[in-house]
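A short write-up of the structure that comes next.
In our numbering, the protein residues as written are 31 to 458.
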């Protein structure tokens, strides 16, 4: 009888442990009002054939929710939908609690500024290739998300064809987000939410080239820095009235960098590039990438000043003057390198753009960016997701976003799941 009771006790304990591990609970807080977010849809997403819905519920009067988790051993995404905008948190195996913060939505919010507008160019034969990268700050008070039909607009040069676009919310991962052509010629818009914090955008494009090209950024927002980067073998000529300074890229000595700081909408910023050359892939910049989600006051750049006379030199800073981009180099270059899937800029023989993830209107910041070659089976997809999550965990630890105990617990769960995924892949 005692033996039977012991067996029943163990079975009850095992069942309760399993039940606890098979649900995720959490609370959704409205960061605009400071109150619980009531009546939001909360969706559990698993990484299967793309992104598959595995469960759905609503937050209660206290902003709380409970989701049943399928026993598939993989990471999941918890998504809250608030006023039409999604907010996401990763749930690694073993996690039982996930809290989210959302914000009220407005078509236009004050406090949206461009921290960095970076244009990288290279040319070979009869084609000019470029990447334009934006780091956009939403400093609205109280914090709100901006979302409308043309949420962030920009111009591309005459004759440019878009290859792909990406977006990344602060603390998230890069996701495919194609810019939409507007009624005004050469004007495009990202229909991607500007959540509080920093959102990064990137568009890859190419255009016909006859040996020289005039580029007019036509900035629509105030920008802390407009940066033009091109191979040192190409020539940069600033247009009349523009105020570019020559800087040195601390990570790539063979690159010419021209910077215009504190620019305003409508300001003359046109320039001409000529000649040919390609930018070599930058070395690993994990230190910079770690700060992709926002400016890190502890991350100091190593950029030195320069007053050399490279083509299109412009007026360099005084010899003893500090580099005005010193604090921004890790952020700008790290964020830029992180957004690109296969390096700092496409080579002339660029591959076909990777297929976009599910959720085409508003791709989640926590989703895993598509690698250059799409994984062919579930094990490979899981491995890609785990690698991204492990990287993000290391970033969060370096930025002090998680405690050592939280880091060790999450790392242990990820390591165990990664080990199972590797074994599963080896048997296929």
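Note that CB positions come from ideal geometry on N, CA and C, so glycine has one too.
Asked: Starting from residue 218, trace the beta strand (DSSP E) both ways and give me its first and last residue.; Found: 217 to 220
Asked: Using 8 Å as the cut-off, can you tell me whether the stretch 228 to 241 makes contact with the stretch 153 to 170, which would need three or more C-beta pairs spanning the two stretches below that distance?; Found: yes
Asked: Keeping to the same chain, check which residues put their C-beta closer than 6 Å to that of residue 119; ignore five residues upstream and five downstream.; Found: 108, 128 and 130
Asked: Let's test the definition: count the other Cβ atoms within 10 Å of the Cβ of residue 91 and tell me whether it reaches 16, buried, or not, exposed.; Found: exposed
Asked: Quick test of the definition: if touching needs 3 or more C-beta pairs under 8 Å, does the stretch 182 to 200 touch the stretch 216 to 227?; Found: yes
Asked: Does DSSP classify residue 408 as helix, strand or coil?; Found: Residue placement at residue 408 is flagged as unreliable, the pLDDT there being 47, under the threshold of 50; a coordinate-derived value is accordingly withheld.
Asked: Buried or exposed: where does residue 283 fall if 16 or more other Cβ atoms within 10 Å of its Cβ makes it buried?; Found: exposed
Asked: When you compare only the Cα positions, how much space is there between residue 135 and residue 115?; Found: 8 Å
Asked: According to DSSP, simplified to helix, strand and coil, what is residue 437?; Found: helix
Asked: Rounded to the nearest angstrom, what separates residue 436 and residue 63 at their Cα positions?; Found: 28 Å
Asked: Grab me the residues of residue 273's own chain with a C-beta within less than 7 Å of its C-beta, minus the 5 sequence neighbours each way, in chain order.; Found: 290
Asked: If you follow the beta strand (DSSP E) that residue 157 is part of, which residue opens it and which one closes it?; Found: 157 to 168
Asked: Beta-carbon separation of residue 88 and residue 72 under 9 Å?; Found: yes
Asked: Between which two residues does the beta strand (DSSP E) carrying residue 198 extend?; Found: 191 to 199
Asked: Taking buried to mean at least 16 other C-beta atoms within 10 Å of its own C-beta, is residue 121 buried or exposed?; Found: buried
Asked: Measure the alpha-carbon distance for residue 139 versus residue 170 and round it to whole angstroms.; Found: 6 Å
Asked: In the DSSP output, what is residue 104 paired with across the bridge?; Found: Answer by DSSP bridge pairing: none, since residue 104 is not bridged.
Asked: With burial defined as no fewer than 16 other Cβ atoms inside 10 Å of the residue's Cβ, what is the status of residue 270: buried or exposed?; Found: exposed
Asked: Please go through the same chain and pick out, in chain order, the residues whose beta-carbon is closer than 6 Å to the beta-carbon of residue 438, but skip the five residues on each side of it.; Found: none
Asked: According to DSSP, is residue 75 helix, strand or coil?; Found: strand
Asked: Please report the residue range of the beta strand (DSSP E) in which residue 118 lies.; Found: 115 to 121
Asked: Can residue 70 and residue 85 be called in contact, C-beta distance under 9 Å?; Found: no
Asked: Check each candidate in 261, 258 and 124 and name the one with the smallest Cα separation from residue 104.; Found: 124
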